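Have a look at the structure below before the remarks.
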Amino acid sequence: MRRLIIEEPVSRPAKWSPKLAWFALVVTILAVLLIRFGRIDYQSGFIALGAGIGFALLAVCLSFMGFVRIWQEGRQGLGSAIKGLLIAAIVLAYPGYMALKAAILPPIADVTTDTDDPPTFSRSRAALQARDGHIPPEASPGAREMQRASYVQIAPLTLDIGPEEAFAIVQKAAHNLGWQVIEATPPGGRVGLGRLEAVDRSLLLKMPSDITVRVRPRVDGARIDIRSASRFGSHDLGINAKYIRDFLEEASNLAIAVR
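Okay, structure coming up:
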């Protein structure tokens, strides 16, 4: 007599979860690489990146649906459901961290050490060409107020050295930080201001932020102000404040070294 072997049914959501999660991972990696190396415009790249994140979220939903079916009906597929959940978690880890920062940090994309009289960006041909014709708009009073409330440590740097020496420190700091310097105008002329225009980019996606540094002579030395503005989006996730902190720290260390 033959024995009839009946296999327990496998949960279909659990079965499809890892497949969809792998697809989400591939889409996300491709989108990141295309954005990072400039093979696609930012808008299309972020649409593709959003699609990868969406597929990962769907994989998570399928995993939980699989868990429910397995628990209620005794179906197989627990390993597949767990595998899909773990792969999707890899895709969603960094976006989740960014979402947390977006919830905590103020929704601004323009930060400066002088909220009352922020440095203005150059409109020279070289500057406009480097910024693809973009001129960072002036931030609203509400945005400046949010900056003052959230980034109290962002303040001008005053040095007890001459403006020419201060400007040399600004240039050295920009070089050390790996900025793309567009133009540098030493202090002098009618108003005596020095200015440096630069672009810095985020580590992962190479998103550009436009930076301008102003050196203003004082009776007892020089004052350095900096402004950093994201070229895309209305929330910088704290990146511009980071650029300014890094610059102020680097410039302060260089100023101490020359004394």
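In this note's numbering, the protein residues as written are -13 to 245. For each residue, glycine too, the CB sits at the ideal point set by N, CA and C. Please read these numbers as outputs of a predicted model, since none were measured by experiment.
Check, Outcome
"For Ile197, does the three-state DSSP call read helix, strand or coil?", "strand"
"Under the DSSP definition of a beta bridge, which residues are partnered with Thr144?", "Arg209"
"Return the residue from the list Val167, Tyr80, Gly128, Met51 that minimises the CA-CA distance to Ala67.", "Met51"
"If contact is defined by three or more beta carbon pairs under 8 Å, each pair taking one atom from either stretch, is the stretch 216 to 227 in contact with the stretch 144 to 156?", "no"
"How is Ala184 classed by DSSP in three states: helix, strand or coil?", "strand"
"Could you check what DSSP says for Gln166 in three-state terms: helix, strand or coil?", "strand"
"On the criterion of 16 or more Cβ atoms from any shown chain inside 10 Å, does Lys192 qualify as buried, or is it exposed?", "exposed"
"Quick one: using the 10 Å Cβ neighbour count with 16 as the cut-off for buried, is Tyr137 buried or exposed?", "buried"
"To the nearest angstrom, report how far apart Val(-4) and Ile121 are at their CA atoms.", "58 Å"
"Please classify Phe153 as buried or exposed, where buried requires at least 16 neighbouring CB atoms within 10 angstroms.", "buried"
"Looking at the secondary structure, which residues open and close the beta strand (DSSP E) in which Asp96 lies?", "96 to 98"
"Taking 7 Å as the cut-off, does the CB of Gly180 come closer than this to any heavy atom belonging to the ligand FMN?", "As far as ligands go, the structure on display features none, and thus does not contain the ligand FMN."
"Roughly how many angstroms lie between the CA atoms of Ser238 and Leu16, to the nearest whole one?", "40 Å"
"For Val13 and Ala34, I'd like the C-alpha separation in whole angstroms.", "7 Å"
"Can you tell me whether DSSP reads Val12 as helix, strand or coil?", "helix"
"Helix, strand or coil for Leu(-10), going by three-state DSSP, please let me know.", "Confidence in Leu(-10) is poor, its pLDDT being 47 and thus under 50, which makes the residue's placement too unreliable to answer from."
"For Phe233, count neighbouring C-beta atoms within 10 Å of its own C-beta (all shown protein chains included) and say buried if the count is 16 or more, exposed if not.", "buried"
"Under a Cβ-count criterion, where at least 16 other Cβ atoms within 10 Å of its own Cβ denotes burial, should Asp103 be classed as buried or exposed?", "exposed"
"Looking only at C-alpha atoms, which of Ala241, Leu240, Leu223, Val244 sits nearest to Pro81?", "Leu223"
"Give the range of the alpha helix (DSSP H) segment to which Leu43 is assigned.", "28 to 59"
"Out of Gln133, Gln62, Val77, point me to the one whose CA is closest to Pro93's CA.", "Gln133"
"By the DSSP assignment, the alpha helix (DSSP H) with Ile121 in it spans what residues?", "Where Ile121 is concerned, there is no enclosing alpha helix (DSSP H), given that its DSSP letter is neither H nor E."
"For Val247, does the count of other Cβ atoms within 10 angstroms reach 16, so buried, or fall short, so exposed?", "Since the first residue shown for the chain is -13 and the last is 245, residue 247 is missing from the structure and cannot be characterised."
"Could you pull the start and end residues of the alpha helix (DSSP H) that Lys192 belongs to?", "Where Lys192 is concerned, there is no enclosing alpha helix (DSSP H), given that its DSSP letter is neither H nor E."
"What number of angstroms, rounded off, separates the C-alpha of Val177 from the C-alpha of Arg200?", "12 Å"
"Applying the criterion that 16 or more other CB atoms from any shown protein chain within 10 Å of the CB defines a buried residue, is Ile90 buried or exposed?", "exposed"
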